[in-house]
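First residue of the sequence shown? That's -14 in our numbering, and the numbers climb one at a time after it.
C-beta atoms are modelled at their ideal positions from N, C-alpha and C, and glycine is treated no differently.
In what follows, a structure is listed as structure tokens, so that the remarks can point back to it.
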Amino acid sequence: MTPIGKLWTVSYQPTGMRIRAIAAFCGLSLEIPDNFNFPVDNRSPEFESKFLSGMIPAFQGNDGFCLFETTAIAEYVASLAPDSGLLSASPKELALIHQWVSYADTEIGRYTNQTVKLLYSGPLYNKETHEQLTGYQTRSFDALEKHLSNRTFFVSDRITLADITMASVLSSALEHTLDAALRAKYPNIIEFYERIINHPNMKDINWAREYIEKAREYVPKE
-14 MTPIGKLWTV SYQPTGMRIR AIAAFCGLSL EIPDNFNFPV DNRSPEFESK
36 FLSGMIPAFQ GNDGFCLFET TAIAEYVASL APDSGLLSAS PKELALIHQW
86 VSYADTEIGR YTNQTVKLLY SGPLYNKETH EQLTGYQTRS FDALEKHLSN
136 RTFFVSDRIT LADITMASVL SSALEHTLDA ALRAKYPNII EFYERIINHP
186 NMKDINWARE YIEKAREYVP KE
């Protein structure tokens, strides 16, 4: 299969994983440069001439079209396979897809990222801030659990961009914050996550499959 373009990312980047999962679901192929040295090559003049932010993930299509920012790349890749159902011709349904994509990134993914950064901040670590972030994310998990109580997927009766996006942020949470005690409270979330990651088209994506027993904690350096 001819790749639709190049995706600059690294194996451990959840947002890059999201884009690869979307392409896989759609039956599309992406070329991942294997000699990409992050965070060095992304600051090269050649890279920044294509992607002004110098950030990854970054995408270049076979026609030279360049994009950075995860949400833009993800939606563009999904749009290349209109029959996949990841997007919608209905303005209302498309708005709901965008709503849940935004919620996933700002109310789940953001708090995981901020928590991880805090845990590795050394002397700048603040327990009160850590507890606050945990509280914010738990409130967001509560909303997801309630929404999924009578739904298979987030927007409709099929997988959309919203579902793959949500699975990608949950994958990261399951490696850092969403521990066994919390998972016991959110069976609908876990059932949803496992439904997505076990889809035949996406089972080879490096989703989190071994979940943490206890949320990551700050360990002071001796």
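- Excluding residues up to 5 positions away in sequence, T123, F126, A200 lie with their Cβ nearer than 8 Å to the Cβ of L167 in the same chain.
- In this structure the stretch 75 to 94 does not touch the stretch 24 to 38; the number of beta carbon pairs closer than 8 Å is below three.
- Judged by DSSP secondary structure, Q99 falls within the alpha helix (DSSP H) whose first and last residues are 95 to 104.
- Bounds of the alpha helix (DSSP H) holding F177 are 172 to 182.
- Taking the CA atoms as reference points, L71 sits about 12 Å from F138.
- In this structure, the CA atom of A63 is about 12 Å from the CA atom of I144.
- Under the 8 Å Cβ criterion, the stretch 102 to 110 does not count as touching the stretch 42 to 55, having fewer than three qualifying pairs.
- Approximately 5 Å separates the beta-carbon atoms of F53 and F36; this is inside 8 Å, confirming the contact.
- For M2, the number of other beta carbons within 10 angstroms of its own is at least 16, and it is reported as buried.
- As DSSP reads the structure, K(-9) sits in a beta bridge with E16, Q45.
- In this structure, S153 keeps its C-beta atom at 8 Å or more from the C-beta atom of P42.
- Between S73 and F10, the CB-CB gap reaches or exceeds 8 Å.
- In the DSSP annotation of this structure, the continuous segment of the beta strand (DSSP E) that includes L52 starts and ends at 51 to 53.
- Contact check for I174 against E130 passes: the beta carbons are separated by less than 8 Å.
- For T145, no alpha helix (DSSP H) segment is defined, and its DSSP state is neither H nor E.
- The beta carbon of E198 is closer than 8 Å to those of D164, A165 in its chain, skipping five residues each way along the sequence.
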